[in-house]
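Chains L and V are the protein sequences, given in the same order. What the first sequence shows, in our numbering, is residues 6 to 593, in sequence order. What the second sequence shows, in our numbering, is residues 6 to 593, in sequence order. Built from N, CA and C at the ideal position, the CB exists for glycine as well. Quantities reported herein were computed from a predicted structural model and do not represent experimental measurements. One structure below.
Protein chains: 2
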Amino acid sequence: MSTETKTPDKLTQVTELAKRRGFYWQSYGIYGGTSGFFTYGPLGAKLKQNIENKLRQTFAQKLGLQEIESPIIAPASVFEASGHLKHFKEPMIECQKCNKKFRADHLLREQTHITDAEAEKLTLEQLQQQIQQNNIQCPECGAKQFSEPKHFFTMFTTTIGPYSDNIGYGRPEAAQGIFVEFNRLYTINREKLPFGTLQIGHALRNEISPRQGLLRQREFTIADLEFFYDPEQPDCHILKEIENETLQLLLAETRQKCSEKLTETTVKEALEKRYIKTEWTAVFMILAKHLLIQLGIPAKNQRFIEKLPWERAHYSTETFDQEVILDRWGWTEASGHANRTDYDLESHELKTGIDMHVFREYEKPIEKEQLVIKPNMAKLGPAFKKDAGKVEDMLADADPKQVEDSLKEKGYFMLDQYKILPEHVSITREKTIETGRRFIPHVVEPSFGTDRLFHITLEYAYSTKDDRVVLKFPRGIAPIQIGIYPLMSKDGLDQKALEIHKTLIDEGFTIEFDEAGSIGRRYARADEIGIPLGITIDYDTLKDDTVTIRDRDSWKQVRTGIDDLPRLLNEYFLGKIDFEDLGNPVES
Amino acid sequence: MSTETKTPDKLTQVTELAKRRGFYWQSYGIYGGTSGFFTYGPLGAKLKQNIENKLRQTFAQKLGLQEIESPIIAPASVFEASGHLKHFKEPMIECQKCNKKFRADHLLREQTHITDAEAEKLTLEQLQQQIQQNNIQCPECGAKQFSEPKHFFTMFTTTIGPYSDNIGYGRPEAAQGIFVEFNRLYTINREKLPFGTLQIGHALRNEISPRQGLLRQREFTIADLEFFYDPEQPDCHILKEIENETLQLLLAETRQKCSEKLTETTVKEALEKRYIKTEWTAVFMILAKHLLIQLGIPAKNQRFIEKLPWERAHYSTETFDQEVILDRWGWTEASGHANRTDYDLESHELKTGIDMHVFREYEKPIEKEQLVIKPNMAKLGPAFKKDAGKVEDMLADADPKQVEDSLKEKGYFMLDQYKILPEHVSITREKTIETGRRFIPHVVEPSFGTDRLFHITLEYAYSTKDDRVVLKFPRGIAPIQIGIYPLMSKDGLDQKALEIHKTLIDEGFTIEFDEAGSIGRRYARADEIGIPLGITIDYDTLKDDTVTIRDRDSWKQVRTGIDDLPRLLNEYFLGKIDFEDLGNPVES
């Protein structure tokens, strides 16, 4: 859109508004700013909390899942086991002229037609070739001379306590804080599967040169949900509720044909056709779609792209990224849905020696018959003499079924060069009872960057009406719910307005009280930060205890009695009634 | 208490319960555990969120303050300016035998009668003396040979981005994230004072040897409220509302007489007698008292201790710590109330050169008359010849009032060796209009460690009844609000219970559904995690749509219609009605 109208693109507009009205800005501005770090101002912090709470409701509350909070810093061994120490690195090049450092693959993506997916696949040597062939420029100084690409380790490193060899890292994901506590969480869940654990918290990735605002930060907020299930019982109890809902998929198969054609499918069909392999993954993808709709992103602007093997994180066997169309960047990741299998739990078991298996009792014990070949030493000894011991050991390793079949069919069994006759062994059938099985649970993981959700929400809310900005936040997440405006700051109007303010604050609403400037200007200021409703106190209010309520989006107005406000507003913000139900229409 | 009965003290009991039921535990247990790091399990994370929300309500919502969210990592310059780089260090000694390192002052406090306050005052040399004189032992191996004490820097250090000289630190407080953004926050607040900004988030202190559970962590959650005001208008608009409420103070004056006698005083009196110097500090102390009462800590178990000069942080001119009695540790810090004056803003201004002053317009401009002495060069030149220029400069620096007085009284004014006569100068009175003044706002800061609040809440909730544990959380913060229990898992009771469960989940309640074991056992499990209400579905429910509600604390029961549940339960958890109002009493 930006190319046609020559107005700044949405990112520029949103960033400017965000800074001016205090949604967010780059941190430490008085110290020149620090790349990849952002501060959420009052409106932003509230909006972010509302988004995170919607995520909690949509996933945890819906499915009865639990949340934990673990530290951001972890000892080195955790990330040795998880594979992060080995895999968490990015290709870096340095401009020979200005000595600034950049991610080699990002420069390629920005300055050529090479896609992210293609760039991620390249080795260091291939990256260097491409950078030379494509005449890549330094984004800072324009020079075209770069160092050889090398790998830069992108975790934040520190030491824990006073011993300098006690290395710790800032976590790049919240997931490991859940995996390392699996045994305890399993006990707390009364040793039942499936169960899921959510964690929302800060995480750290020491990006080489972050230049995408909230979308690529060095410190960000992650919401990881680790859902543990028995791979032999992968069925989801709420599948029926959502199996007819649809998803737009961009399948790996399609992508490998260099096409971006979307496959529109119901959940049921996606599972039947094995587009999606796990029921729980499909269900979490639908819930992620619901979440984004609640944040104001229409379904048609959402898709799920299946990652190619080299694009997937080291722990995943199947990954879909939920993507959303953004004005500047096109399709952009909003969440990831990985199947981590038993990778993480097994890695921690291997590293610590602590058992991560669970035992699942069968409903009924299973009786199994086992064929047992026992050497008959009274006959074996004389037959094989000094080799008898060796034959005995070899028999123990032999497959009893093969021995039995051969003896039956041929009358003997060749154990290497030793000819075993029926009289050398006794064959019995022993019954054993298995009461259950031991296994490491598998994990599917929906993972959100809540800063990304924040940016997406803000960009989709951004609209203009009569050349003015209106942030059309869905009412369920607006950082401020209600504006209160005395028509004048005199004649008792301000006093009356303060009374209503207090009543609604006590009801738990988030409110802005504004008595500065004309009513029109106050409405405009409110629209710009997305306050859904404005309540105006005028001279009629003093006579009949009614107020005007104004709708942010339609600019329509209704008139309502003060006493009814708490009930009506509660129902409105819970989505039970619409604006028109708040009172009698006012001609404007 | 623990000494008399020989039962384990409350800390031991609470820690055991916390681990078993999933409130919290030391992190990374499968890797041997990491000192100073804790993970909150499902119940703990929820309780912690509830406590933090109470804090938001009590401070931010009550006073209309705003919240922000800034990063945990900050560039070095921020903490150079704030003084942390210089001051954030602790005395460390190393056991010569086992090479374990400890905080020297903590060992003294633990093994002698030297108090925290006294130990903090000691220099490194004095600490060494005391350690030798008191025959201090290594808590790990018992040896009595220590290295010389030296200072250990207790911030977590890392590097930001790919440049190794770009040092960053983990923030030890959330306050600096607010101070560095002051100008922007002031603009967002439409350039009005006073205003306050709250931040709740993780913080890091690289403790030498943390051994006090949740009370001294390396990673913890801090809630810092920075309240900016004009030091010439330090009055608080809500003082009247609370001025007759009382505080228990342990004043510095009392402490210096080696007494612990509490001064019980109203806020009004405390301000009049200058026990507390700032109105806002007094108001925040009252709100902190309210908060702890809401968390279940009676007023009598709370006091505010005035810190002695050497106990105060480097930025504070007046500090009161809110303390609470704990079973093992006695009076223990729950919050700090410091007057940070203009220390931080001025430090950042000095470091960055960025103006942190605000301009406050007077209500009416102030007209000021200024006396101006102007040299009369036509006379000065001939009189002083080549010195005339020098005399002109010296006159400009002279005090006009002195010149005028001297000329009037003596007929001349001696400017060093130069004799100024009335004809050499002209004296005028010029009027200037001052429209306002420029100043750096002052700051008072209430600061909470929410992990400490968590521990305090848990310890005060811990009680026993009939040899069983009952966590008596105030209903407003219980991590789970309602238990739902079908009497049997058959005959449609479970189905009915699930329906009620769904209705109440949709109403937003936090619920545990439990159908395992006898009703008595389920009640006991619920009491142990502090669920205030239990709803039991029995055979009568199927007939008349009524259920039994059981009270956790009194174990009384009432009978209520299912349709009334949402409304009644909402009112109960908002504190509008009591348990008895929930239905008709049931004989038990």
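Going by beta-carbon coordinates alone, are residue 341 (chain V) and residue 452 (chain V) separated by less than 9 Å? Closer than 9 Å, so yes.
Does residue 35 (chain L) come out as helix, strand or coil in the three-state DSSP assignment? For residue 35 (chain L), the three-state secondary structure derived from DSSP is helix.
Could you check where the beta strand (DSSP E) with residue 476 (chain V) kicks off and where it finishes? Its beta strand (DSSP E) spans residues 473-476.
Continuous alpha helix (DSSP H) stretch holding residue 535 (chain L): start and end: Element bounds for residue 535 (chain L): n/a, residue is neither H nor E.
Leaving out the 5 sequence neighbours to the left and right, which residues in its chain are closer than 6 Å to residue 7 (chain L) when beta-carbon positions are compared? Reliability fails at residue 7 (chain L), whose pLDDT of 42 lies under 50, so the model's placement of it is uncertain and the value that follows must be treated cautiously. In its chain, beyond the 5 residues on either side, 14 have a beta carbon closer than 6 Å to the beta carbon of residue 7 (chain L).
Residue 82 (chain L) at chain V interface by Cβ criterion, 9 Å: Answer yes: the Cβ-Cβ gap between residue 82 (chain L) and chain V drops below 9 Å somewhere.
Which residue comes first and which comes last in the alpha helix (DSSP H) that contains residue 327 (chain V)? Careful: residue 327 (chain V) lies outside any alpha helix (DSSP H), inside the beta strand (DSSP E) at 323-331.
Buried or exposed, going by whether 16 or more other CB atoms sit within 10 Å of the CB of residue 130 (chain V)? That one is exposed.
Taking the beta carbon of residue 37 (chain V) as the centre, do at least 16 other beta carbons fall within 10 Å, making it buried, or is it exposed? Classification of residue 37 (chain V): exposed, given that the 10 Å Cβ count is below 16.
Residue 461 (chain L): contacting residues in chain V (beta-carbon distance under 7 Å): Under a criterion of Cβ atoms nearer than 7 Å, no residue of chain V is adjacent to residue 461 (chain L); the nearest Cβ is some 18 Å distant.
Contacting residues, own chain, Cβ-Cβ under 6 Å from residue 371 (chain V) (five flanking each side not counted): For residue 371 (chain V), where only same-chain residues beyond five positions count, the Cβ hits under 6 Å are 439.
Given this structure, state the Cα-to-Cα distance separating residue 454 (chain V) from residue 205 (chain V), to the nearest angstrom. Going by the C-alpha atoms only, they are around 9 Å apart.
Going straight from the alpha carbon of residue 30 (chain V) to that of residue 186 (chain L), what length do you get? Cα to Cα, residue 30 (chain V) sits roughly 10 Å from residue 186 (chain L).
Taking Cβ positions only, does residue 157 (chain L) come closer than 9 Å to chain V? At least one chain V Cβ lies under 9 Å of residue 157 (chain L).
Classify residue 196 (chain V) as helix, strand or coil using the three-state DSSP reduction. Three-state DSSP puts residue 196 (chain V) in coil, outside helix and strand.
Could you name the residues of chain V that residue 185 (chain L) contacts, counting a contact when the two beta carbons are closer than 9 Å? In chain order: 32, 33, 34, 35, 36 and 44.
Beta-carbon proximity of residue 292 (chain V) to residue 61 (chain V), cut-off 9 Å: The answer is no: Cβ separation not under 9 Å.
Is the CB of residue 212 (chain V) under 9 Å away from at least one CB in chain L? Chain L, which has a Cβ nearer than 9 Å to the Cβ of residue 212 (chain V), makes this yes.
To the nearest angstrom, how far is the alpha carbon of residue 448 (chain L) from that of residue 446 (chain V)? Distance between the alpha carbons of residue 448 (chain L) and residue 446 (chain V): 53 Å.
CA-to-CA distance, residue 295 (chain V) to residue 471 (chain V), given in whole angstroms: Straight-line Cα distance between these residues: approximately 31 Å.
Just the C-alpha distance for residue 493 (chain L) and residue 499 (chain L), rounded to the nearest angstrom, thanks. Cα-Cα distance, rounded: 7 Å.
Output the boundary residues of the beta strand (DSSP E) element that contains residue 49 (chain L). That residue, residue 49 (chain L), is in no beta strand (DSSP E); its alpha helix (DSSP H) goes 47-60.
Cβ-based contacts, 9 Å cut-off: residues of the segment 109-122 of chain V near chain L: Answer in chain order: no residues at all.
Among residues of its own chain, excluding the 5 on either side of residue 3 (chain V), which ones have a beta-carbon nearer than 7 Å to its beta-carbon? An answer regarding residue 3 (chain V) cannot be provided, because it is not within the stretch 6 to 593 covered by chain V.
At a CB-CB cut-off below 8 Å, which residues of chain L make contact with residue 148 (chain V)? Residues of chain L whose Cβ lies closer than 8 Å to the Cβ of residue 148 (chain V) do not exist; the shortest such Cβ separation is about 18 Å.
Kindly indicate which three-state DSSP category residue 111 (chain L) falls into: helix, strand or coil? Reduced to three states, the DSSP call for residue 111 (chain L) is helix.
Member of V:514, V:476, V:497 and V:466 whose CA lies at the smallest distance from the CA of residue 487 (chain V): Residue 487 (chain V) has its Cα closest to that of V:514, out of V:514, V:476, V:497 and V:466.
For residue 532 (chain L), count the other beta carbons within 10 Å of its own beta carbon; 16 or more makes it buried, fewer makes it exposed. Which is it? With 16 or more other Cβ atoms inside 10 Å of its own Cβ, residue 532 (chain L) counts as buried.
Roughly how many angstroms separate the alpha carbons of residue 550 (chain L) and residue 575 (chain L), rounded to a whole number? Computed Cα separation, rounded: 19 Å.
Short of 9 Å Cβ to Cβ, which residues in the segment 73-98 of chain V face chain L? Taking 9 Å as the cut-off between beta carbons, the residues of the segment 73-98 of chain V near chain L are 73, 74, 75, 76, 77, 78, 79, 80, 82, 83, 86 and 97, in sequence order.
Could you say which of L:568, L:106, L:420 and L:554 lies nearest to residue 637 (chain L) if we only look at CA atoms? Nothing can be reported for residue 637 (chain L), as the shown portion of chain L is limited to 6 through 593.
If you measure from the beta carbon of residue 168 (chain V) to each beta carbon in chain L, is any gap under 9 Å? Yes, because at least one Cβ of chain L sits closer than 9 Å to the Cβ of residue 168 (chain V).
Exposed unless 16 or more other CB atoms sit within 10 angstroms - verdict on residue 211 (chain L): Counting C-beta atoms within 10 angstroms of its own C-beta, residue 211 (chain L) has 16 or more neighbours from the protein chains shown and is therefore classed as buried.
Out of curiosity, what's the CA-to-CA distance linking residue 273 (chain L) and residue 283 (chain L)? Going by C-alpha positions, residue 273 (chain L) is about 11 Å away from residue 283 (chain L).
Segment contact flag, the segment 85-96 of chain V with the segment 155-164 of chain V, C-beta cutoff 8 Å, min 3 pairs: Flag = yes, the segment 85-96 of chain V and the segment 155-164 of chain V touch.
Is residue 556 (chain L) helix, strand or coil by DSSP? Three-state DSSP puts residue 556 (chain L) in a strand.
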